[in-house]
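First up is the structure itself, then whatever we jot down about it.
2 protein chains.
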Amino acid sequence: MTIQRPRGTRDFNPDDMVLRRKLEYLFRSTALSFGYHEVGTPTFEDAELFIRKSGPEIVDQLYIFQDKAERQLVLRPELTAPVIRFYASELYKLPKPLKIFYFGNCFRYERPQKGRYREFWQFGAELIGTNRSEGVAELVAFAWYCIKCVGIKNFELRLGNLEILKEILSTWDIFGTEQKDFFTALDKGDLDTLKLILEDSGRTPEDIQTFFTLVQTKFKIGELKERKISLLDHFPTLDKHLARFEEVAENIKMYNIMDFTIDFSIARGLDYYTGIVFEIDVESLGAEKQVCGGGEYSLDELFELTDTPTSGFAIGFDRVALAYGMEGLEKIENELDIFIIPFSKETLKKAIEISVSLRKAGFIVDMDIKGRNMSKNLKFASNRNATFAVFIGEDELESGSALVRAMSTGDQVKVGFSDLLEYFKKVI
Amino acid sequence: MTIQRPRGTRDFNPDDMVLRRKLEYLFRSTALSFGYHEVGTPTFEDAELFIRKSGPEIVDQLYIFQDKAERQLVLRPELTAPVIRFYASELYKLPKPLKIFYFGNCFRYERPQKGRYREFWQFGAELIGTNRSEGVAELVAFAWYCIKCVGIKNFELRLGNLEILKEILSTWDIFGTEQKDFFTALDKGDLDTLKLILEDSGRTPEDIQTFFTLVQTKFKIGELKERKISLLDHFPTLDKHLARFEEVAENIKMYNIMDFTIDFSIARGLDYYTGIVFEIDVESLGAEKQVCGGGEYSLDELFELTDTPTSGFAIGFDRVALAYGMEGLEKIENELDIFIIPFSKETLKKAIEISVSLRKAGFIVDMDIKGRNMSKNLKFASNRNATFAVFIGEDELESGSALVRAMSTGDQVKVGFSDLLEYFKKVI
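For the record, the sequence lines run as chains H and F.
Counting the first sequence from 1 gives a position; the numbering used here is that position plus 535.
Counting the second sequence from 1 gives a position; the numbering used here is that position plus 535.
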């Protein structure tokens, strides 16, 4: 029986990989241009790292296994916890604010479906050591520019704020487990449970209606001022929180990001988010349209840190790659500049010599290594999308010049061996 | 208790990562320039894939685990088997020869030591569909250029040939398990066992001496002709094999690789190697000096392929990174072109506006997001190795120009906001 690829995983062929590496390059360039630095962590971690931090839903999806020394290990389901572990043990020595990013694979055991895989890639960033508005705004802008730089046109940034929701719940004496259940229900869009919790805590139908309006209405950033006034009417203690939220939003606009949405229904599913949260959707992806999520969080307790403000985001790399295809953006292909065809063992030496000098100059060069005939070689060069083919036969060897064929037109021209490099520098 | 990184694994800080991504970039560029295309496969595979193919030593080191559906999975210990699995199921449809490369992490449960980790990275390539001399020579040259392009000076390519050893053993009626044991002993340098096997098969002391000389003497490529004649004296049936070996060696020389070593002691440890084999050592690494190994192999049986000539190599990426440091090559650092310092909330908008235009032009730009005072900001910019600092205070806002400081000299110059982009294009 032939051996199969494990369920829920993927192989990537040359067309897939060239697109993925291009997107990775764009994300990395954007990160570097924002002054973020890359870090790396192991593919597996002590299982405790994720069991302590994650909700039960994620724990159920963990790939947990024992090594030969009976350590409980886990294939990482995400990268924020490993990065903060790394910070707590070593990176804390670096000057703050620390701006770091990562690109890596993660693993979740869930039912495979479109846009969801058991091994998937995340590109993400963490901003450590400041919770000032300009820092959080820069982080959000950085995430936005990642999606933008790929060329995706139809995407939406949504900004929310858990601090504001928590403040409202606090004024209503909804704390602890009850508050946690509330956010779990909000994350799932489970309105019945939300209503039940509010009723149980003795809220009036008017209160409940006001709150539901808040978390069910998305509005454009331009309306924030007006909405703020009406919110303050209902919840006067939100003053400070709303002022900060507005400041972050204003700072985001300074990055030429004028069109985004305020959405108080963003709960982010994980316990550790604390304040401003955000998500980015790409419309063309349909049901699985969210490509980015992040916000302010705290892992101080888990890592015995004191007062370390942190915020971050993760981008679902595979979904962005999917969106790239669905938006019909320019096809990224493996290029081949020059395909060299030597006709005999005697001409091979000259062919290799030319290939060495062309590659040294940065050209992508392939060569016949199967000893095929002319028509098969031309067919291969055409299949490989070669821009030029170069023939070197006995005649060419004698005359000291190669026959260069432009593959798209079939036009042929003789070019002296010593002039080939200059020739291709001009035409490619 | 704080959670530790798993034993034998590593975290990579920003200095590590910028070097690793640079090396990855150099390897990938070299691969592409040779007309190789990248592929990717999952991090874990069906355990059978490696159990069937690998010797017992590797099986002992496998990270095997069960998923929730009780599949036996394994973290890949190497990438050739996954790539050929991919070939057998899908890539076989592409035109031959197929030239593919990969860069990925692998896992072996072994005692951690310098240059050996439980998670390590391999860069490698497979050439599928030809066993002609020029193809194998191109593959060897490609591996050589990978090490060369990094800037490592003191490295040695060694070329061996299992076909020749197998032919000799065949003429002595050493086949099957006995031959396998022989190669295992050769791989380990276990001369006593080698001698025992030869004696058991009735070889004369002279035969044994001749064979030992062959596998114990390394010689430079320049001596191959002379050695060939003496080998043919002893083993006339080697004629065809030696001619092919010489042809491959001659083809390698055509790539301007003039100085390499012939070494018949290379056994490559794995059953599936068939013909020409090679290794590359970097002297500065000491005991763990081998950074590359490869050769001609066959996995036809494992994947139910018919007559598919394959050759390939893998480079130990971590060892190359280690060698880079040990050879004292140019330090690769995270660069920061410009650090912008706004002095107040009022100047922040202008600062962000400038950062957006500079980043768009490709500059690496960071900005104060902590609201620090001047001296702290300059210290931070200096720690981050910024080339320039740009101050924007109230005066600057009013006069329409920023104060630009060259961090290395302390020289300061006023530059109009609208001229900043052009200014930095000139000086950076």
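In this text, a Cβ means the ideal position worked out from N, Cα and C, and glycines have one as well.
* **Any 3 or more C-beta pairs closer than 8 Å across the stretch 899-915 of chain F and the stretch 866-878 of chain F** => yes
* What is the DSSP secondary structure of GLY639/H, counted as helix, strand or coil? -> strand
* Does any residue of chain H bring its CB to less than 9 Å from the CB of ARG563/F? -> yes
* Short CB-CB distance (under 9 Å) between LEU864/H and chain F -> no
* To do: Take the Cβ of LEU767/F as the centre, count every other Cβ of all protein chains shown within 10 Å, and call the residue buried at 16 or more, exposed below.
  => exposed
* Neighbourhood of GLU814/H by C-beta distance below 7 Å, restricted to the same chain and skipping five residues each side -> ARG693, ILE801, GLN825, CYS827 and GLY828
* If you measure beta-carbon to beta-carbon, which residues of the stretch 805-835 of chain H are closer than 8 Å to chain C? -> Going by chain labels, chain C is absent from the structure shown, which instead holds the protein chains H and F.
* Count the other CB atoms, across all protein chains shown, that sit within 10 Å of the CB of GLN657/H; report buried if there are 16 or more and exposed otherwise. => buried
* Asked: Closest to ALA660/H by CA distance: which of PHE547/H, GLN601/H and THR565/H is it?
  -> THR565/H
* Asked: Can you tell me the Cα-Cα spacing of LEU840/H and SER943/F, whole angstroms?
  -> 35 Å
* Assumed close pair LEU561/H, CYS684/H - CB separation to whole angstroms, cut-off 8 Å -> 5 Å
* Close Cβ partners of ALA784/F (< 7 Å) along its chain, the five nearest in sequence each way excluded -> LEU694, ILE756 and LEU759
* To do: Mind checking who HIS769/F pairs with in its DSSP beta bridge?
  => DSSP, once it has assigned bridges, lists no residue as partnering HIS769/F.
* To do: Spell out the partners DSSP gives VAL900/H in its beta bridges.
  => ILE873/H
* Does the beta-carbon of ILE764/H have 16 or more other beta-carbons within 10 angstroms, so that it is buried, or is it exposed? -> exposed
* Helix or strand or just coil, what does DSSP make of VAL574/H? -> coil
* Counting pairs of beta carbons, one from the stretch 877-897 of chain F and one from the stretch 615-628 of chain H, are three or more of them closer than 8 Å? -> no
* To which residues of the same chain is ASP735/H closer than 7 Å at the C-beta, ignoring the five residues directly before and after it? -> none
* Asked: If you count every other CB in all the chains shown that lies within 10 Å of the CB of ASP550/F, and 16 or more means buried, which is it?
  -> exposed
* **Contiguous alpha helix (DSSP H) assignments of at least 4 residues, all confined to the stretch 589-633 of chain H** => 591-595 and 615-624
* For the stretch 635-689 of chain F, list the alpha helix (DSSP H) runs that are entirely contained and at least 4 residues long, ordered along the chain. => 668-685
* Which of the three DSSP states, helix, strand or coil, is assigned to LEU721/F? -> helix
* Check TYR790/F in the structure and name its three-state DSSP category. => coil
* To do: Identify whether LYS755/H lies in helix, strand or coil by the three-state DSSP scheme.
  => strand
* When we look at the beta-carbon of ASN908/F and count the other beta-carbons within 10 Å, is it buried (16 or more) or exposed? -> exposed
* What residues are listed by DSSP as bridge partners for ILE709/F? -> ILE709/F is not bridged to any residue.
* Beta-carbon of THR712/H versus every beta-carbon of chain F: anything under 9 Å? -> no
* Terminal residues of the alpha helix (DSSP H) in which GLY860/F lies -> 852-861
* Where do the ends of the alpha helix (DSSP H) carrying GLU559/F lie? -> 549-568
* **chain F contacts from the stretch 851-862 of chain H (Cβ-Cβ distance under 8 Å)** => none
* Can you find a CB in chain F that lies within less than 9 Å of the CB of ASP742/H? -> no
* Span of the alpha helix (DSSP H) around GLU580/F -> Counting along the chain, GLU580/F falls outside any alpha helix (DSSP H), though it belongs to the beta strand (DSSP E) covering 579-581.
* In three-state DSSP terms, what is ILE797/F? -> strand
* Asked: For the beta strand (DSSP E) that GLU839/F lies in, which residues bound it at each end?
  -> Where GLU839/F is concerned, there is no enclosing beta strand (DSSP E), given that its DSSP letter is neither H nor E.
* To which residues of the same chain is GLY570/H closer than 6 Å at the C-beta, ignoring the five residues directly before and after it? -> LYS634
* Simplified DSSP assignment, three categories, for ASP735/H -> helix
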